[in-house]
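In our numbering, the protein residues as written are 432 to 707.
No residue lacks a Cβ here, since even glycine has one placed at the ideal position from N, Cα and C.
For clarity, every value in this text was computed on a predicted model and none was experimentally measured.
Written out as structure tokens, the structure reads:
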């Protein structure tokens, strides 16, 4: 553990939902810095945060100030700008022999719908979002294996997650909640993802990780269970969306790069956590 404290970590997108959770998890253990996009008084006073606008700013400036040993990319924003930024980032990571953790998505497999996906499966996407994540993954996979960790996430829930906030808002506004009865997926929470990232850093792990629940759920069942767990008194309206007649999978399961049992979770754990 002593050696780990030498790390200087830069989280790109630290003001977002997942980036913020990662920052909270790591900042007591490592020298941790983060970027935020929209002006924010509290963050401007914090010497560990840098305002960064992917449209206008050069990532090299922040890298030169922080001199991180690990960069965690949890950015959102314009896809083409992100690709360009990750090209610059990859050059920096390679030249400084440091490490990059990239938050990717189950959507890199959304072109395959017949099965769940494992770490070594070939990526293939029909969505713009999936395509863009694949582009960055392929760019990073050219780096030495020890220098990268690609973390593919399924849908992320959590008490403060945008997904839950959106559901609560839609119920308030009496807007029907879209559910996909034919979609089979796995899920996770921000708190579990941050623990997993902490472990990957501490143990100096690299490669491709699938950070989803061990079990699979139907989208409609799971969303209904979440709403039940929120204990809301309003009448709930659902809108069932059928994109195909068959079940379709969007699930990232680990087979080759498994984390220890205490870092695994089931969909039930998420519902329990939301009730607390």
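Which whole-angstrom value is the C-beta distance of residue i and residue j, which I expect to be below 8 Å?
i           : j           : result
residue 698 : residue 653 : 6 Å
residue 583 : residue 535 : 5 Å
residue 619 : residue 644 : 6 Å
residue 500 : residue 576 : With 8 Å as the limit, residue 500 and residue 576 do not qualify as a contact, their Cβ atoms being about 17 Å apart.
residue 571 : residue 525 : With a Cβ gap of about 10 Å, residue 571 and residue 525 do not count as contacting.
residue 502 : residue 529 : 7 Å
residue 516 : residue 559 : The Cβ separation is near 17 Å, so there is no contact.
residue 441 : residue 464 : 5 Å
residue 514 : residue 567 : 6 Å
residue 668 : residue 605 : 7 Å
What residues in its chain sit with their C-beta under 7 Å from that of residue i, if we drop five residues either side in the sequence?
i           : result
residue 590 : 705
residue 434 : At residue 434 the pLDDT is 48, less than 50, meaning the model places this residue with poor confidence and gives no usable figure here.
residue 627 : 642, 690 and 694
residue 531 : 502, 504, 520, 524, 571, 578 and 579
residue 700 : none
Between residue i and the rest of its own chain, which residues show a CB-CB distance below 8 Å, the 5 nearest in sequence each way excluded?
i           : result
residue 681 : 537, 538, 540, 541, 544, 585, 614, 615 and 616
residue 448 : 587, 589, 591, 592, 593 and 621
residue 598 : 608, 654, 657, 658 and 661
Take residue i and list the residues in its own chain whose beta-carbon comes closer than 6 Å to its own, dropping the five residues that flank it on each side.
i           : result
residue 443 : 466, 504 and 506
residue 550 : 639, 641, 687 and 688
residue 432 : Here residue 432 scores only 42 on pLDDT, less than 50, and its place in the model should not be relied on; the value that follows carries that caveat. Around residue 432: no qualifying Cβ.
residue 601 : 608
Looking at C-alpha atoms only, which residue of the options is the closest neighbour of residue i?
i           : options               : result
residue 487 : 611, 469, 500 and 501 : 469
residue 623 : 696, 454, 581 and 493 : 696
residue 631 : 522, 581, 568 and 451 : 581
residue 603 : 661, 636, 557 and 635 : 661
residue 472 : 457, 446 and 492      : 446
residue 437 : 555, 458 and 668      : 458
residue 522 : 651, 554 and 491      : 491
Handout entry: Three-pair Cβ contact test at 8 Å for the segment 556-572 versus the segment 651-659
Key = no
Spell out a yes or no on whether the segment 629-640 and the segment 673-691 are touching, meaning 3 or more CB-CB pairs, one atom from each, closer than 8 Å.
yes
Mind listing, in chain order, the continuous beta strand (DSSP E) runs of no fewer than 3 residues lying wholly within the segment 611-635? 614-616 and 618-620
Identify every run of the beta strand (DSSP E) within the segment 507-547, keeping only runs that are complete inside it and at least 3 residues long; order them along the chain. 530-536
Does the segment 671-678 come within contact of the segment 602-613, defined as at least 3 CB pairs closer than 8 Å?
-> yes
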